[in-house]
Amino acid sequence: DYKVLIKRVQPQSITGITDIKVDGINSNSTYTNINNIDITNSALYKASAAPSLEFSYLTNNVPDGTDLKHNIKIYDALNNVVDSSLYTLENGIVETVEAYNENLATYGVGSVKIILRFSDLMASGDYRIETGLAIDDLYDIHISKEMSNEAEFTEFIYNGNVYDIYGETELISSIPYGIFYRSEDTNTKIVNFSDVESIILPSYLDAYSLSVNAELTNVDFNISIYDSLTYQHQYEIIYTIVAEDGTIKTFTHKLIEEEPSELIIKSYKDGNELEIPLNQSSLLREEISFFRIEYDLSNVYLANNNFTVESSYTGGDPDNAILNQAYFIDYIIKGFEIDYDYSAAIGNYSYSPLFQQELTIAGETVNWEFVFETMTIIKLASDVSNLTNITFISDTVYAGLNIIMDYELITEVTYISYIDNPSTRRITTLPSSGISYNEYENEQTFYVIGQVQKSDLAYYSPLFYLPTGSIIRKIVDENNANDPNMQSTDLFDDFTFDIAGGFKYVQYRIYAEDYIIGDPIYSTHYTDYFVSVQDITNNIYFNLTILVDNSVVDFDFEKVFVTFNLYQNELIQSSMSLFSYFDGTRTGINKQFRSSMSGKYSIDIDLPEGYDFQIEFVSSGVTIVDKTITIPSELVPKRYDMILRIVSDNTELDWGKQDVIDYTPNI
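Below, the structure written as structure tokens:
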């Protein structure tokens, strides 16, 4: 037998409510009926921050751990069940401390905390929150969700950046100076104002989101000058947002162009970075140089040739300072480069970069103009006064002629030494390569001896190769050698042998391009060249004297005719003749022969019967045989003092018939 004891648990109930909080704020609502509590005076309102309701029920006879979340439903004003996706329930677990009392069939007193969080998408209006313990035991809480008064951008993405601008009225963004929209350049999307007044999504913007149930109703666009000195512009996009409850808010997005830096940040000459100041440099007259000028253009939008360089020249030779002839400008990302041709004139060159453009944006004409720091490059006049080359042209073709050059006086001894030992020459010169000064290029005086062959040196000039811009003068006024205007531009001179002995030097002075009379620095920019010319074939000079010997008591002639014949291989190669006149004296008056060659000479004097002549030389080294002389070859010009002495001829004639004819040569 079984005995079944059935005990009915005392009815469950909710006996009270505590800690009511609406959107986290304590509610002051009071109630008289636990089954029907009205807290609509504490309306939900946080449209953009998930509005919430929090409260705690006091329970009786509800077992510990009972989950009441399944017993809760929400109804709207039309008594429709609200979709559970529009809210979430938290906690809802009953906490009962006392154990079940079998005698009384009760669980005792407990409590349960319930939190409801409503979605932003939940419409405004009145709602009823129903909690049921039994079929007919329902507990209702009435609450209202107000219309949102928020008119905010909850998300704002521009140029790839997400901005938290909740509660703000303005956002300022920087944009490159001079930027404008170009469909082929995606970087310019940030200023695509083609549909800027669109309330859907202006093209310049990446994305945006608004407060719940708020609406973007209008977009205005303004263009203004932000800085009149730099032509910086400001674009204002003004948004009008209307909240759910009709609250209106305006939000302004300002796009302000960055200010360019006018200063040069780096400058280079021939690849080498220049020191401060960066805005000026120079190059020498002989240089072929290039310069690179850089600015900070990182915040400047370059397109459609809106960055140009205006160049100008100040100097005395504008015909040789023309762009794309004497110098060239190339544009680079950070600035520009300048290439100078060798022919560019001396003077000041100025380069002023300019950013300039005019565009139509949203129907308005917009202008930019910004001048960057000017770069000044000075092409200096040349301070070089050294000849690059000197050549000596002969009247006849001959190879192998020497040019001897030194910064010290060249004597016959040093000349012969340099000829015999070319490796000892301190300065070398070749027609093809010019003069190699080696370590002596800073000397201010040089001596030059050039060789020619069979040339007329009575009026002769070497060929001088001058450094660029310099001038050459023959010094004719030593006391005013510092003034080129008082010297001769006729470079020809008489380079024939100086009968006083040694080399005959003619002084030339090279004045550098930057030479300035009287200036303590620039007046020193000159070089002197003492030039001598040696004819290596005609380097023999005769100083001829014709005497009537004292032994001749009476002589009845007024003049004699003298002939010199030069022989080579028993044949006459050349002949020289002159008259010598006697004017009551025993010493003839005659001109001198021009320079001649070494070799064997026969000498003849046309004398009346009964006279003869003798050959005498003061110099040694001459071989005399009867009426012939042999002159040895010489490396340097040499003068021979020669006397032809007329004496009586006591020679008896051979037997036979003779006819004597008085011969008078034609003058």
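Take the sequence shown: its letter number 441 is residue 479 in our numbering, and every next letter is one higher. For each residue, glycine too, the CB sits at the ideal point set by N, CA and C. Predicted model, so just to flag it, every value in this text is computed and none were measured.
Per DSSP, reduced to three states, the secondary structure at Lys372 is coil, with no helix or strand assignment.
In the DSSP assignment, Asp76 falls within the beta strand (DSSP E) that extends over Asn74 to Asp76. Between Leu495 and Val569 the beta-carbon gap is near 12 angstroms, outside 8 angstroms, which marks them as no contact.
For Pro460, the secondary structure class from DSSP, reduced to helix, strand or coil, is helix.
With contacts defined as CB atoms closer than 9 angstroms, Asn581 and Met680 qualify as a contacting pair. Counting only the Cα atoms, Met413 lies some 15 angstroms from Glu311.
Comparing alpha-carbon positions, the option among Asp105, Tyr351 and Asp521 lying closest to Leu171 turns out to be Asp105. For the pair Arg323 and Leu418, the CB atoms are nearer than the 9 angstroms cut-off.
Contact between the segment 230-239 and the segment 348-356 is not established, with fewer than three Cβ pairs separated by less than 8 angstroms.
For Lys107, the three-state secondary structure derived from DSSP is helix. Our two residues, Asp308 and Met635, have alpha carbons roughly 57 angstroms apart in a direct line. Annotation: Ile181 to Thr78 spans about 4 angstroms, alpha carbon to alpha carbon.
With 16 or more other Cβ atoms from the protein chains shown falling within 10 Å of its own Cβ, Val150 counts as buried. Where Leu267 is concerned, there is no enclosing beta strand (DSSP E), because DSSP gives it neither an H nor an E. Separation of Gly385 and Glu551 (C-alpha to C-alpha, rounded to the nearest whole angstrom) is 12 angstroms. Of the residues Tyr553, Ala189, Ser212 and Glu479, the one whose Cα lies closest to the Cα of His271 is Ser212. For Ala245, the uninterrupted beta strand (DSSP E) run begins and ends at Ala245 to Leu248, by DSSP. Annotated three-state conformation of Asp39 is coil, per DSSP.
Comparing C-alpha distances from Glu193 to each of Asp114, Asp244 and Ile167 shows the shortest one belongs to Asp244. Counting only runs of at least 3 residues, the segment 553-581 fully encloses the following beta strand (DSSP E) elements, listed from N- to C-terminal order: 564-573. Rounded to whole angstroms, the separation of the alpha carbons of Tyr553 and Ser381 is 20 angstroms. Taking the Cβ atoms as the reference, Ile58 lies roughly 13 angstroms from Ile72, outside the contact range of under 8 angstroms. Glu516 and Tyr453 have their C-alpha atoms spaced approximately 26 angstroms apart. Counting along the chain, the unbroken beta strand (DSSP E) around Tyr177 starts and ends at Leu176 to Lys183.
Measuring C-alpha to C-alpha distances from Ile360 to each of Asn344, Glu375, Asp379 and Lys372 identifies Asp379 as the nearest. Judged by DSSP secondary structure, Val486 falls within the beta strand (DSSP E) whose first and last residues are Thr483 to Val490. In this structure Pro89 touches Lys183 by the C-beta definition: roughly 6 angstroms separates them, less than 8 angstroms. Annotation for Thr403: the continuous beta strand (DSSP E) segment containing it runs Glu402 to Val409. Non-local C-beta neighbours of Glu168 in its own chain, meaning closer than 6 angstroms and more than five positions away in sequence, comprise Lys111, Leu176 and Asp178, ordered along the chain.
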